[in-house]
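Colleague: Position 186 of the sequence shown, counted from 1, bears residue number 275 in our numbering, the numbering being contiguous throughout.
Following this message is one structure expressed as structure tokens.
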Amino acid sequence: MPAENREIAHRGNGVKSYDLFIAGGGISGSVAAKFAAKGGLRTLFVEKCKTPRTKPCSGIQFKYFEKILGEKIPRDRLCKVQITRTRMYFPDGSSLGARFSVLNYMRKTFDHWLNGVAQENGAEFRDECEFLDFVEDQDGVTVTVASRGKEPEQIKARYAVDATGLSSLPMRRKLRPQDFLEKTAGGGMNYYLDGKADLDPHTLYQFWDLRFSDAMFAWIYTKTLEDGKNYWVVGTGCTSGDLLERQTPFYEYVRKKFNMEGRIVQKEEYLTTIDMKSKDKVWLGKGRILMAGDAAGLMDGVRGVGQDAAALSGRLLAKAILLSDRKKTAALDEYAKLMGRITTQTRRNQEREIRKFATNEELQRYLKKRLVSSGLKFLLQATLNKFRAPEKLRLLPP
């Protein structure tokens, strides 16, 4: 049934009708909304917070990210200082540097722009609108939302998507409560520092050390805040334990090693209760309820980046629904096929996370052993990505 007729069919009982409802105005939600609306699907995506909103995240991505988005990111949405190099510090204190050209942005300004891109392509957007619940039936999904200051409202959609990131995941919690722990299962933390340091602002610094992170590496890079000034960002993440017990010694280490001076002007933190160690972490949905981005369990501690996976999942989700309409197949089945390479890579990397190492000596041997082969694979896939279609891109590092 065409979208216009579906809307008319539900107008009598006061329920608005859409092809696609998306909870979450982040990267995966906005990209899914853009490509769904562009493909002719009547699409509504909502964000619980007032936009633009702050989002704790690295905001660092490889340049093929723009190919996934199908958009050139405006210069004013990027940080003033762009990253052109990286330097890895190993547990024994040795280091290795290399060219490393990536996009550098703050999620607050970037996500707000991406919300607008989706709307320009025909999607409807509501901020300060919270997803509350859903009921699925044969014809679709009835979703309950509440806009700030208003009574709860029911919306009818053929499909509903959880794109709420790591902290909320309301649809996944309802369908798979077994995926969550009673206590937080990890997260990340950043300090924004106004000061000086013996560091290059154009370099992403990686610190591989189990004292500082059991997920991947701890980091230092530069960001531009809303006042237009550049700040050092010192941060780490973990999959278990107390974040502060890792962040505090890492910050002290950085201050001494690089003569870092100044004051912390901002702290940000995110926590999750999803079981990051579960073999069922990657999950794309059930029936007409689909997961995108972090809600689908696409967080990848080995790669150290996840926004490309989030964006690509959103794009492929929209394509899956369009394909299923044309082929008269199940959208979830089409989505699983399209996402095969990404889900396989994420599950494989989950087994490679550094939490499996008991000591820094073991981690050191592992990193040194893989250094050359990993570098060659990276260069090969980065070159091939220049010629690949957006939906066929290989997420880096491979």
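In this text, a Cβ means the ideal position worked out from N, Cα and C, and glycines have one as well.
If you run the structure through DSSP and keep just helix, strand and coil, what is Glu-242?
Modeller: DSSP places Glu-242 in strand when its eight states are reduced to three.
Colleague: Leaving out five residues on either side along the sequence, give the residues of the same chain with a beta carbon under 6 Å from the beta carbon of Glu-497.
Modeller: No answer is possible for residue 497: it lies beyond the span of the chain, which begins at 90 and ends at 487.
Colleague: Using a Cβ-Cβ cutoff of less than 7 Å, which residues in the same chain neighbour Tyr-359 once the five nearest sequence positions on both sides are dropped?
Modeller: Answer for Tyr-359: Pro-145, Leu-255, Ser-256, Gly-276 and Gly-277, listed in chain order.
Colleague: Judging by CA-CA distance, which residue of Lys-457, Lys-466 and Leu-465 is the nearest neighbour of Met-177?
Modeller: The candidate whose alpha carbon is nearest that of Met-177 is Lys-457.
Colleague: In the DSSP assignment, find the alpha helix (DSSP H) that holds Tyr-281 and state where it starts and stops.
Modeller: First-last for Tyr-281: 276 to 285, but that is the beta strand (DSSP E), not the alpha helix (DSSP H).
Colleague: Which whole-angstrom value is the C-beta distance of Glu-209 and Lys-137, which I expect to be below 8 Å?
Modeller: With a Cβ gap of about 22 Å, Glu-209 and Lys-137 do not count as contacting.
Colleague: Going by beta carbon distance, what residues of the same chain come within less than 8 Å of Tyr-248, once the five residues before and after it are set aside?
Modeller: Correct list, in chain order: Asp-108, Leu-109, Phe-110, Gly-229, Val-230, Arg-377, Ile-378, Leu-379, Ile-410 and Ala-420.
Colleague: Pull up the DSSP beta-bridge partners for Ile-162, would you.
Modeller: Note: Ile-162 sits in no beta bridge, so no partner.
Colleague: Enumerate in chain order the residues of its own chain whose CB-to-CB distance from Phe-467 is below 8 Å, with the five nearest sequence positions on each side excluded.
Modeller: Same-chain partners within the cutoff: Leu-485, Pro-486 and Pro-487.
Colleague: Restricting to Cα atoms, I'd like to know which of Arg-404, Ala-407 and Thr-362 is closest to Gly-386.
Modeller: Looking at the Cα atoms, Thr-362 is the closest of the given residues.
Colleague: So what does DSSP say about Thr-233, is it helix, strand or coil?
Modeller: The answer is strand: DSSP assigns Thr-233 an E or B state.
Colleague: Tell me which same chain residues have a C-beta within less than 8 Å of the C-beta of Arg-300, skipping the five on either side of it?
Modeller: Same-chain partners within the cutoff: Arg-335, Pro-338, Phe-339 and Asn-449.
Colleague: When you compare the CB positions of Lys-152 and Val-191, do they come within less than 9 Å of one another, or not?
Modeller: Going by C-beta atoms, Lys-152 is nearer than 9 Å to Val-191.
Colleague: Which two residues bound the contiguous beta strand (DSSP E) that contains Ile-431?
Modeller: Premise fails: Ile-431 lies in the alpha helix (DSSP H), 429 to 439, not in any beta strand (DSSP E).
Colleague: Quick one: which unbroken beta strand (DSSP E) runs of 3-plus residues sit fully inside the region 301 to 330? Chain order, please.
Modeller: Segments of the beta strand (DSSP E) lying fully in the region 301 to 330: 307 to 313 and 319 to 327.
Colleague: Looking at the structure shown, is Leu-379 part of a helix, part of a strand, or coil, going by DSSP?
Modeller: Three-state result, Leu-379: strand.
Colleague: Contact defined as beta carbons within less than 8 Å: I believe Met-305 pairs with Gly-390. What is the distance between those atoms, to the nearest angstrom?
Modeller: Their Cβ separation, rounded to whole angstroms, is 4 Å, which keeps Met-305 and Gly-390 in contact under 8 Å.
Colleague: Please report the straight-line C-alpha distance between Ala-425 and Val-343, rounded to a whole angstrom.
Modeller: The straight-line gap from Cα to Cα measures roughly 43 Å.
Colleague: Buried or exposed, going by whether 16 or more other CB atoms sit within 10 Å of the CB of Glu-480?
Modeller: Classification of Glu-480: exposed, given that the 10 Å Cβ count is below 16.
Colleague: Just grab the DSSP bridge partners of Asp-364 for me.
Modeller: DSSP lists no partner for Asp-364.
Colleague: Using 9 Å as the threshold, is the C-beta distance between Pro-259 and Asp-251 below it?
Modeller: Yes.
Colleague: In three-state terms, what does DSSP make of Phe-467?
Modeller: Note: Phe-467 maps to helix in three-state DSSP.
Colleague: State buried or exposed for Pro-508, treating a residue as buried only when at least 16 other CB atoms are found within 10 Å of its CB.
Modeller: Nothing can be reported for residue 508: it is not among the residues displayed for the chain, which extend from 90 to 487.
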